[in-house]
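Asks: Below is a structure I'd like to ask you about.
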Amino acid sequence: MNSFERVTAAFGGHAVDRVPFAVWRHFYPDENEGAAKLAETTIAFTKRHQLDLIKYNPRAHYHAEPWGTRYRYGKDGHPVLDRYAVRKPEDWARIDRKTLREPAFQELLYGMRLVREVLPDTPLVATIFTPLGVLERLAGKERVLADLRARTDDVVAALDAVTETFAELAAACCEYADGIFLATTTWAGRDTLDDGEYRRFGTAYDLRVLAGARGAALNVLHVCGPRARVVELARYPVAAVSWNPRLAGNPDLAAFLAAVPSRGAIGGFSDEAFVTSSPALAKREAREGLAQTGARRWLAAGGCTIPVDSRP
């Protein structure tokens, strides 16, 4: 089996020659040096670790740049916020629909094209953030939450513009990628919005972005943090759900597979398994994953982006 065959068979509940495996991380400072450098590093990382899926990790803030959020870089290459695009409530009116001509979007598309040319048989998914997550990068979480409740119409207009932008970007990504990796960040956690609020301001817009990638073979939903709506959001039109089963309030792999019979599961490893000097913890967590899944419908992975200090 090649990686594409292995991953699609696994998510479909079929037997595989081995459980597929993937991790993704940020590459500082390489990701700040342009699409070609990031693609080169991504390809080398994928080959070195024989990964079965590439979650293309662009600059963490690429999705906020078109509207004016700005970052500077420390000596280690980590981005440091310089200023938000939305600094007062009246600024929401400035959040309009952007086109694919934006440099940040062109950089993403070019990088994925380069990766696809070198690794045509490895599944490739494009990182797209939930529209609420984009707004957080434009204004900060506290302002989004406050204005979502106090100036609902203004924020909803911005949500619409962002959603239209990223639905178009999702479609463009699928010219090179096998799907999108829709990251809800922490907005889908039960401690951020109540169920009604997330249906109204989260799900309604998430589904519009996913519609841009309609027909792609490997759309993935990622739900971040503890107490996440993992099972509830698994009804989204995706092939698999990525989450951290080891965080409080989240289902483990077995519980998810029992509750959601038609989706693959991505996850199983803790951050600690990647940074400890001994492989013993990773081996133990792999055995636990095999016991819970029976090696079906599972892609072994971290619960999110793995730490940059993960061991080789």
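Heads up, the sequence shown is in numbering that gives the first Met the number 0, so the first residue is 0 and it goes up one at a time. C-beta atoms are modelled at their ideal positions from N, C-alpha and C, and glycine is treated no differently. From a predicted model like this one, the values you see are computed outputs, not experimental measurements.
1) Whose C-beta lies closer than 6 Å to the C-beta of aspartate 190 among residues of the same chain, with five residues either side of it excluded?
2) Counting only runs that start and end within the region 5 to 61, where is the alpha helix (DSSP H) found for 4 or more residues in a row?
3) To the nearest angstrom, how far is it from the Cα of alanine 59 to the Cα of valine 259?
4) When you compare the region 214 to 222 with the region 236 to 254, are there three or more beta-carbon pairs, one atom per stretch, that lie closer than 8 Å?
5) Leaving out the 5 sequence neighbours to the left and right, which residues in its chain are closer than 6 Å to arginine 228 when beta-carbon positions are compared?
6) Skipping 5 residues on each side, what residues in its chain have a beta carbon closer than 7 Å to that of threonine 45?
7) Please state whether DSSP places aspartate 81 in a helix, a strand or coil.
8) By a C-beta neighbour count over all protein chains shown, 10 Å radius and 16 as the cutoff for buried, is leucine 99 buried or exposed?
9) Between which two residues does the alpha helix (DSSP H) containing glycine 211 stretch?
10) Can glycine 248 and alanine 300 be called in contact, C-beta distance under 8 Å?
11) Measure the beta-carbon distance from proline 57 to threonine 162 and round it to whole angstroms, keeping in mind my assumption that it falls under 8 Å.
12) Looking at C-beta atoms only, is the number of pairs between the region 126 to 145 and the region 193 to 212 that lie closer than 8 Å three or more?
13) From phenylalanine 180 to valine 124, what distance separates their C-alpha atoms?
14) Return the CA-CA distance between glutamate 271 and histidine 48, expressed in angstroms with no decimal places.
15) Relative to the alpha-carbon of valine 22, which residue among Ala233, Thr41, Pro78 has its alpha-carbon at the smallest distance?
16) Tell me whether serine 241 sits in a helix, a strand or coil according to DSSP, three-state version.
17) What are the partner residues of valine 219, as DSSP defines its beta bridges?
18) So, with DSSP's three-state summary, where would you put alanine 187?
19) Can you give me the C-alpha to C-alpha distance between leucine 280 and lysine 36, rounded to a whole angstrom?
20) Less than 8 Å between the beta carbons of threonine 164 and arginine 86, yes or no?
21) When the Cβ atoms of the region 166 to 185 are set against those of the region 75 to 83, are three or more pairs found closer than 8 Å?
22) For leucine 298, which of helix, strand or coil comes out of DSSP?
Replies: Reading it off the structure:
1) Arg226, listed in sequence order.
2) With a minimum length of 4 residues, the continuous alpha helix (DSSP H) runs that stay inside the region 5 to 61 are 34 to 48.
3) Cα to Cα, the separation comes out at about 30 Å.
4) With the cut-off at 8 Å, the region 214 to 222 and the region 236 to 254 touch.
5) Cβ within range, chain order: Ala187.
6) So the list reads Ile53, Leu118, Thr121, once near-sequence residues are dropped.
7) Residue state, collapsed to three classes: strand.
8) Flag for leucine 99 reads exposed.
9) Per DSSP, glycine 211 belongs to the alpha helix (DSSP H) from 203 to 211.
10) In this structure, alanine 300 does not lie closer than 8 Å to glycine 248 by Cβ.
11) Distance from proline 57 to threonine 162 at the Cβ level is roughly 19 Å; contact not present, criterion being Cβ atoms closer than 8 Å.
12) When C-beta atoms of the region 126 to 145 are compared with those of the region 193 to 212, three or more pairs fall below 8 Å, so the two segments count as touching.
13) In a straight line, the C-alpha of phenylalanine 180 is about 6 Å away from that of valine 124.
14) Distance between the alpha carbons of glutamate 271 and histidine 48: 18 Å.
15) Ranking the options by Cα distance to valine 22, first place goes to Thr41.
16) DSSP places serine 241 in strand when its eight states are reduced to three.
17) For valine 219, which the question treats as bridged, DSSP gives the partners Phe180, Ala239.
18) In the structure shown, alanine 187 sits in coil (DSSP, three-state: anything other than H, G, I, E or B).
19) Roughly 33 Å separates the two Cα atoms.
20) Their beta carbons are not under 8 Å apart, which means threonine 164 does not touch arginine 86 by this criterion.
21) No, the region 166 to 185 is not in contact with the region 75 to 83.
22) Of the three classes helix, strand and coil, the one that applies to leucine 298 here is strand, per DSSP.
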